Structure formats: C-alpha cells, structure tokens
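First to last, the protein sequences are chains D and R.
Counted the way our numbering counts, the first sequence spans residues 329 to 724.
Counted the way our numbering counts, the second sequence spans residues 329 to 724.
Glycine included, C-beta positions come from ideal geometry on N, C-alpha and C.
Values in this document were obtained by computation on a predicted structure and should not be read as measured data.
One structure below.
2 protein chains.
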Amino acid sequence: MERNLQDVVVLDLTKVLAGPYCGMLLSDMGAKVIKIEVPERGDDSRAYGPFQNGESIYYAGLNRGKLGMTLNLKTKEGQEIFKDLVKKADIVIENYRPGTMEKFDLGYDKLKEINPKIIYGSISGYGHTGPYSQRAGYDIVGQAMGGLMSTTGWADSKPTRTGTPMGDVLGGLNLAIGVLSALHRQRMTGKGEKVDVALVDSVVSAMQNINMIYTSEGRIPERIGNRYESTYPYDSFEASDGDVIIAAANDGLYCRFCKLIGREDLITDQRFATIQGRLDNNVALKEEIEKWSVNHTIDEISDLLNENGIPSCPINTVDRIVKDKQIAGARNMFPKQEHPVAGEIVLTNNAIKYTETTSEPHKPAPLLGEHNDYIFTELLGYTDEDVNTFKEKKVI
Amino acid sequence: MERNLQDVVVLDLTKVLAGPYCGMLLSDMGAKVIKIEVPERGDDSRAYGPFQNGESIYYAGLNRGKLGMTLNLKTKEGQEIFKDLVKKADIVIENYRPGTMEKFDLGYDKLKEINPKIIYGSISGYGHTGPYSQRAGYDIVGQAMGGLMSTTGWADSKPTRTGTPMGDVLGGLNLAIGVLSALHRQRMTGKGEKVDVALVDSVVSAMQNINMIYTSEGRIPERIGNRYESTYPYDSFEASDGDVIIAAANDGLYCRFCKLIGREDLITDQRFATIQGRLDNNVALKEEIEKWSVNHTIDEISDLLNENGIPSCPINTVDRIVKDKQIAGARNMFPKQEHPVAGEIVLTNNAIKYTETTSEPHKPAPLLGEHNDYIFTELLGYTDEDVNTFKEKKVI
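In structure tokens form, the structure reads like this:
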C-alpha cells in the first residue's frame with residue numbers, strides 16, 4: 329500500500345530516543361530512512377534492555393523500518409562518504425552536542441553547499457543558540473528545566489517526572505513537524521534550511537496552558553494531583569476496587585452526572601453552581617462524589633457514565649492496555665513483527681491512522697551495518713574493493 | 329520573512345486544546361488558518377480563564393495568527409458555505425465526536441467529492457474506529473487509558489496526571505505530523521486523505537519505551553518517582569536548598585561524576601560497577617550521592633556538573649522559566665503580543681526554530697467573527713446583502 333513519504337530520503341544520525349523516535353515516524357510513513365551508526369558499537373541503545381535473544385528491544389522498536397549502515401564520521405573518508413549521501417537525501421537528522429557536526433566539517437553551512445535542498449534537523453537539550461547551548465541535556469533535564477516536573481505530582485509530594493521519557497518524545501514529535509514543514513517548502517521552492525529543536529523548548533511549549541497562569545495572573549502553578557486548573561469535577565475518584573476517572577468538565581455534563589448519581593442537590597448547591605465554584609470547592613465536591621463512587625466498581629462507574637455520554641475510564645496499567653479491544657484491537661497499537669534475531673517482537677505503533685495510505689510499521693530494525701552492501705555499492709556506486717578498504721580502515 | 333506553509337490553507341473547526349494546538353503550529357509556520365466558530369458563543373475556551381480585559385488568554389494563546397469567522401454548521405446555508413470553503417482549502421481539522429461531521433453531511437466522503445485534494449484531519453478521544461469510538465474523551469481520559477497515569481508518581485502515591493494536559497498536546501502534535509505528511513503526498517500526487525488521531529493512541533505511542541517492559545519482559549511497569557527504568561544515577565537529589573537533577577547516565581559520565589565529588593570508591597564498588605548494578609542498587613547509591621549533595625546548593629551543583637559536561641539542572645518553577653536567559657532570552661519562548669482587547673499578552677512560543685524561514689507567532693487571535701467580511705466577500709464572493717441575510721438567519 330502507498331505511504332505518504334515514499335519519495336523522501338532521510339539520513340538518520342541520531343541515537344537513543346528523541347531523534348530515533350522522529351526517524352521512526354518518518355519511516356512508518358514511508359520515507360527511506362538510512363540509520364548511520366558508528367562501526368562496531370552502533371547506537372548506544374543497542375546496549376539497552378529489554379533484550380530478546382540478545383537483541384535490544386529498545387533499539388528494535390525505535391529503529392524499525394530503517395536501513396542500517398555503519399560510518400565513522402571522525403575519519404576523512406567517512407566524512408566524504410557522508411557528503412556523497414547528502415547529495416541523494418532530502419533530510420538529515422542528528423542529535424549530537426551542538427558544534428559536533430561542525431567539528432566533522434559536516435555542519436549545515438557545509439551540507440547546504442553540497443545540496444542546497446537539504447533539510448538539516450537537529451535535536452539537542454537546550455538548542456543550538458544561547459548561553460546553555462553547550463550543556464548536555466537528557467530527557468529528565470528537559471522535564472525539570474521546562475517546568476513539567478514542578479507542576480506534576482501531589483500537593484504534598486516532591487516534583488515528579490513522568491513515567492515515560494516525555495521530554496524526548498515531545499522533542500521527537502516537534503522535530504518531525506519541523507522537518508515535514510520544511511519539506512513542503514523544499515518541494516515548492518527547491519530550498520532547504522536548518523531546523524533547531526530543543527528538548528527544553530519542547531517541554532516549555534507543551535506547558536502553554538500552565539505557563540499562562542503565571543504570565544497572565546502572576547500565580548506560580550503548583551502540584552495539584554490529578555485535578556485540572558481549568559475545570560472540576562475532572563479528577564480521579566475512589567471506587568470500591570481502586571480509582572476511576574470522571575471528567576464532567578462543563579455545566580451540561582455536570583448536571584447530567586449529578587442526576588445520574590441521584591444527587592440533584594449538588595446542582596443547586598451554591599458552592600457548586602459554576603465551574604469556578606466547583607474549582608474553588610473541589611475538596612468538598614470530591615467528598616460528595618466519593619460518597620457514591622466508593623460503593624461501585626471501576627467498571628460499573630465507567631460503563632454507566634459512558635452510556636450516558638459522560639467521560640469516565642479506568643486508570644489502565646500496561647498489561648490491560650496491550651489486551652484492550654479498542655487500543656490493541658481496533659486501533660492496532662501493538663503490532664507484532666518478526667525480527668531476524670530477536671524472533672517475534674511486539675512494537676508500539678504510531679498514533680497516525682490514514683484512510684488512503686498506510687503508516688503501519690513495516691520492516692524490522694536493521695542489524696548493525698546490515699545494508700552496507702546495498703548502500704555502498706548500489707546507492708553510492710563504490711566497488712567491492714572500495715568497501716573492503718573502508719572496512720580495513722575502520723571507516724565502516 | 330518567509331514561512332514554510334504560506335501557500336497552505338487550513339479550515340480549523342476544532343475547539344479547546346488538542347485541535348487548536350495543531351492549528352496554532354500550522355499558523356506559526358505560515359499557513360492561512362481559518363478558525364470557524366459557532367455564532368454568538370464561539371469556541372468553548374473563550375469562556376476559560378485566565379482573562380485580561382475580559383478576553384480569554386487560554387483562547388488567545390492557542391488561536392494566535394488565525395483568521396476568525398462564524399458559521400452555524402447545523403444550518404443548510406452554513407453547510408453550503410463550508411463546502412465553498414473546502415474548495416479553496418488544503419486541510420480541514422476537526423475534533424467533533426466521531427459521526428458529527430457526517431450528521432452535518434460534511435464527513436470526509438462528502439468533502440472529497442467536493443475537493444479530491446482535501447486532507448481531513450480529525451482528533452478524538454478514542455479514534456474514529458472501534459468499540460469505544462463513540463465515547464467522549466478528554467485529556468485526562470487519554471492519560472489514564474493510555475497508561476501515563478499508572479506509571480507517573482511515587483511508589484507510595486496514587487497514579488498521577490501530568491501538570492499540563494499532555495494527552496491533548498500529544499494529540500495535537502501527532503495531528504500536525506499527520507496532516508503535514510499527507511500534505512506532502514497531496515502536492516506530489518494531487519490526492520487527499522483522512523487522518524484519524526486519537527488522544528489515547530497518542531499517549532500509548534509516547535509510552536513506547538515503557539510498554540516494551542511488559543511486552544518483552546512481562547513485568548508491569550510501576551510508579552518509581554523520578555528515576556528512570558533504563559539507567560542510574562538519573563534522578564532528583566537533595567541539595568541544601570531543594571532538589572537538583574543529576575543525570576550521569578552512562579559509564580563515562582558516572583566515573584567523571586564520582587571523581588568530581590571525591591568518591592572514586594563508588595566507581596570500584598561492586599554494587600555500582602555497571603548500569604544494571606546501579607539500577608538494582610539505586611536506593612543505596614542515592615544515599616551515597618546525597619551525602620555530598622546536601623552540603624551544596626542547587627546552583628553550585630548544577631554549575632559544577634555542567635562545567636564538567638555532566639547533565640544537571642534545577643527543577644524550575646514557571647516564574648523562573650519565564651525569566652531564564654536561555655529559554656526566555658536566547659530561545660524567545662515567551663514573546664509578547666499586542667492584542668486589540670486584552671492589551672499586551674505573553675505567549676508561549678512553539679519549539680521549532682528555523683534558519684531560513686520564521687515560525688514565530690505573528691498576528692493575534694481573532695475576535696469572534698472578526699474576519700467574516702473578508703472571508704465572505706473577498707474570499708467567497710458573497711455580496712453585502714448575502715452577508716446580512718446570513719446574519720439575520722443566524723447562519724453566521
């Protein structure tokens with residue numbers, strides 16, 4: 329089946345999570361993504377668990393569908409080979425410390441001389457400009473510097489990191505948007521450009537609706553557990569067998585909810601008459617709602633509310649999600665894939681579903697240097713002898 | 329200055345956060361985004377605080393740069409006007425409950441008859457397919473159903489929502505990627521398609537590196553506070569004046585860190601000799617590190633470690649972020665904008681920085697129906713009399 333980006337060539341120099349997540353999305357959507365790794369060792373994440381038959385599932389998920397080649401960019405020959413590749417590519421993505429590509433003489437200014445259409449996408453902790461640009465940044469740095477940690481958690485808890493490396497994921501998504509938007513201009517005008525995405529900025533941008541509380545009201549947003557700054561009831565509530573989400577976020581839903589639980593009095597109660605009132609009196613309202621919810625199971629509550637159009641759901645653990653008839657079933661979020669070494673593995677799918685094209689994962693992640701022969705001889709036109717020399721010199 | 333998407337026309341039917349965030353990004357990158365709102369009331373978020381001079385800052389941030397028009401899609405005339413607009417557009421985005429656009433006779437199948445190039449981007453709680461597709465989903469539902477809440481928080485805390493509506497932001501980012509990827513194919517082939525993004529799927533995709541712990545090892549990921557499943561030390565640590573982030577994520581950084589704090593013994597200590605050992609013994613290692621960190625301030629630690637190439641930073645609150653010389657200064661993440669009613673407002677910028685084009689926010693968000701005259705007379709060619717009739721009939 330057709331894929332949206334099947335005429336697009338991407339050179340993926342990134343490693344670990346943020347950059348590879350971007351390359352993974354482009355690959356799922358059909359781009360020819362050539363993953364370029366250091367000889368012998370490869371992407372650091374090849375050493376990260378979990379493992380199946382010695383193969384990293386961390387690597388296998390984030391690099392599915394890519395072609396794999398090795399190249400030592402510290403050698404002169406490696407740099408020349410990379411420049412040859414740039415002539416045939418639309419997009420380069422990299423997540424080195426700012427300045428590293430310039431040390432290889434492969435910075436954007438050099439690459440655009442070789443191919444004026446090239447789109448150069450970088451992802452880094454703090455970005456390629458400014459006083460902190462040389463600092464190393466990991467996901468947790470993005471979450472902490474960008475304000476996500478200080479606002480996540482309970483009023484009596486310390487600042488809290490999210491359960492997944494959200495700074496990296498946000499960075500990867502923003503880089504994908506950045507290069508796709510630049511690709512549009514490239515195909516319209518023939519011109520390339522550099523895209524500079526920082527993990528910290530990506531978190532800050534995701535905090536927009538929280539930042540405005542300070543920039544407009546002057547109040548510093550704090551940790552408030554599971555409730556939301558903008559409306560109530562919109563929180564977790566105690567059920568007889570755990571916690572359940574109820575999100576009766578507007579007046580209509582709130583009235584319907586109160587009737588459904590036989591508490592019309594909560595509609596007319598002056599404390600709860602408006603969204604602002606419900607926010608101001610959220611502790612009292614939660615107590616009233618839990619008088620009802622503790623007597624019902626999570627599933628009873630979720631089923632009843634959803635039948636009546638009120639958003640409600642369980643707080644899923646991963647074991648439930650991978651079996652869920654909507655998420656795993658209808659939405660195919662956990663496709664299986666046969667990997668030549670790892671055997672059958674379970675991938676987490678991307679979230680973008682099309683009607684006329686497919687964005688489902690296709691080929692497995694490459695073994696280290698798996699496509700060297702194809703890339704060097706077929707794509708770049710080197711002889712077998714050249715390739716052997718490159719191997720001897722540890723260029724590839 | 330040039331913008332990447334300046335030849336792209338987007339009809340934005342979305343409201344509140346997830347969809348508008350997508351439209352906001354497209355507008356920042358230069359697309360002509362026409363925000364279509366119900367007459368009289370407009371987007372629900374016009375009623376959400378904070379307010380300046382009675383104008384919603386919530387709305388003003390997420391809808392900056394868009395043109396604003398009113399249109400009642402429940403009327404026959406409104407539907408016909410919308411079809412006229414579709415003939416002139418590249419992309420439609422909407423976040424109605426699945427099936428609503430079909431009730432208006434404006435579903436994708438109808439719109440592609442009118443304009444085969446149209447890209448139809450939808451965002452919903454659970455997606456347009458499957459047994460839960462008719463359920464309403466808010467951000468908190470995405471976070472709970474998708475597994476983010478069950479894995480965020482402390483071992484002794486309840487499942488925890490992130491401080492920002494992360495499910496909505498992830499959905500908006502995925503929709504932007506989805507429509508931009510489809511736009512590439514549209515310009516190459518002249519064909520459009522429908523993009524179907526769910527909040528729940530967007531969270532599930534962001535959980536990839538956590539999901540694999542269960543899908544590969546069979547272990548259900550739990551809440552583990554600020555540390556990370558994949559490496560250690562990578563956590564918050566107690567300083568003399570609060571908590572500080574230290575991320576010595578690989579062997580090289582760990583050795584350098586131990587030397588820097590005068591604890592070479594921690595390098596040779598068998599418990600901490602490998603990443604897996606440091607993960608297994610994270611409680612003991614945290615204790616050892618905090619013997620040092622409690623005697624220094626957050627800034628002392630962050631400065632010392634960054635000078636030595638080890639990622640470290642404070643846990644910023646929003647008041648610090650908006651003044652930070654990197655984030656607010658060099659990266660311009662909080663540009664000011666003059667709004668005709670609200671006065672001077674502070675926006676949160678997007679995270680995508682270009683060298684050859686700009687993606688900085690430009691015009692303010694529209695007042696309700698502000699560009700009706702331009703759109704109806706100049707763009708669609710209606711007469712002033714037509715417009716008056718539409719107003720009388722409450723079509724606009």
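- About 51 Å separates the CB atoms of Ala346 of chain R and Asp593 of chain R; that is not less than 8 Å, and the two are not in contact.
- Taking each of D:Thr492, D:Gly481 and D:Trp482 in turn and checking the Cα distance to Leu476 of chain R, the smallest one comes out for D:Thr492.
- For chain R, the residues of the segment 657–674 of chain D that bring a beta carbon within less than 8 Å of one of its beta carbons are Gly657, Ala658, Arg659, Met661, Phe662, Ile673 and Val674, in chain order.
- DSSP, read as helix, strand or coil, puts Gln654 of chain D in helix.
- For Gln604 of chain D, the secondary structure class from DSSP, reduced to helix, strand or coil, is helix.
- Below 8 Å, enough C-beta pairs join the segment 336–343 of chain R and the segment 352–360 of chain R to call them touching: three or more.
- If only complete runs of 3 or more residues are kept, the segment 594–645 of chain R shows the beta strand (DSSP E) at 640–642, in order along the chain.
- Between the segment 621–634 of chain R and the segment 508–526 of chain D there are fewer than three inter-stretch CB-CB distances shorter than 8 Å, so the stretches are not counted as touching.
- No Cβ of chain D is located within less than 9 Å of the beta carbon of Gln598 of chain R.
- For the pair Glu430 of chain R and Gln654 of chain D, the Cα-to-Cα distance works out to about 22 Å.
- Short of 6 Å from the beta carbon of Glu330 of chain R, and not among the five residues preceding or following it, lie these beta carbons of its own chain, in chain order: Thr685.
- Looking from the CA of Gly427 of chain R, the closest CA among R:Asp579, R:Ile446 and R:Ser452 belongs to R:Ser452.
- Taking CB atoms only, Gly481 of chain D has a neighbour in chain R less than 9 Å away.
- Proximity of Pro426 of chain D to chain R, defined by a Cβ-Cβ separation below 9 Å, is not satisfied.
- Against Asn502 of chain R, the close residues of chain D are Leu501, Asn678, Ala679 and Ile680, in the order they occur along the chain (beta-carbon pairs closer than 8 Å).
- DSSP places Ala464 of chain D outside both helix and strand once states are collapsed to three, so it counts as coil.
- Taken in chain order, the whole alpha helix (DSSP H) runs of length 4 or more contained in the segment 444–512 of chain D are 467–473 and 476–479.
- Of R:Val420, R:Glu706 and R:His512, the smallest CA-CA separation from Ile364 of chain R is found for R:Val420.
- The residue from R:Arg513, R:Glu618, R:Thr602 and R:Asn609 with its alpha-carbon nearest to that of Asp571 of chain R is R:Glu618.
- Here Ile548 of chain R carries a coil assignment [DSSP, helix/strand/coil].
- Assigned with DSSP and collapsed to three states, Phe662 of chain D falls in coil, not helix or strand.
- A direct Cα-Cα distance of roughly 11 Å separates Met352 of chain D from Pro692 of chain D.
- A straight line joining the alpha-carbon of Arg547 of chain D with that of Arg606 of chain D spans about 19 Å.
- For the segment 568–592 of chain D, the beta-carbon criterion of a distance under 8 Å to any beta-carbon of chain R is satisfied by Asp571, Ile573, Ala575, Ala577 and Asn578.
- Contacts with chain D (Cβ-Cβ distance below 7 Å) from the segment 502–521 of chain R involve Asn502, Ala504, Ile505, Gly506, Leu508, Ser509, Ala510, Leu511, His512, Arg513, Arg515, Met516, Lys519 and Glu521, listed in chain order.
- Secondary structure at Gln380 of chain R: strand, using DSSP grouped into helix, strand and coil.
- Exposed is the label assigned to Ala483 of chain D, since fewer than 16 other Cβ atoms lie within 10 Å of its Cβ.
- Nearest CB-CB separation between Thr490 of chain D and chain R: below the 9 Å threshold.
- Excluding its 5 nearest sequence neighbours in each direction, Tyr582 of chain R has C-beta neighbours in its own chain below 6 Å: Ala576, listed in chain order.
- Bounds of the beta strand (DSSP E) holding Glu672 of chain D are Gly671 to Val674.
- Counting only residues of its own chain and dropping the five nearest sequence neighbours on each side, Leu503 of chain D has a CB closer than 6 Å to the CB of Cys350, Gly449, Ile451 and Val525.
- At a cut-off of 9 Å between beta-carbon atoms, Asp372 of chain D makes contact with chain R.
- With respect to the C-alpha of Arg392 of chain R, the residue from R:Tyr710, R:Gln665 and R:Asp701 having the closest C-alpha is R:Gln665.
- Around the Cβ of Asn381 of chain D, a 10 Å sphere holds fewer than 16 other Cβ atoms; the residue is exposed.
- From the beta-carbon of Ala601 of chain D, no residue of chain R is found nearer than 9 Å; the closest lies around 15 Å away.
- In terms of Cα proximity to Leu354 of chain R, the closest of D:Ser461, D:Met397, D:Val507 and D:Val669 is D:Val507.
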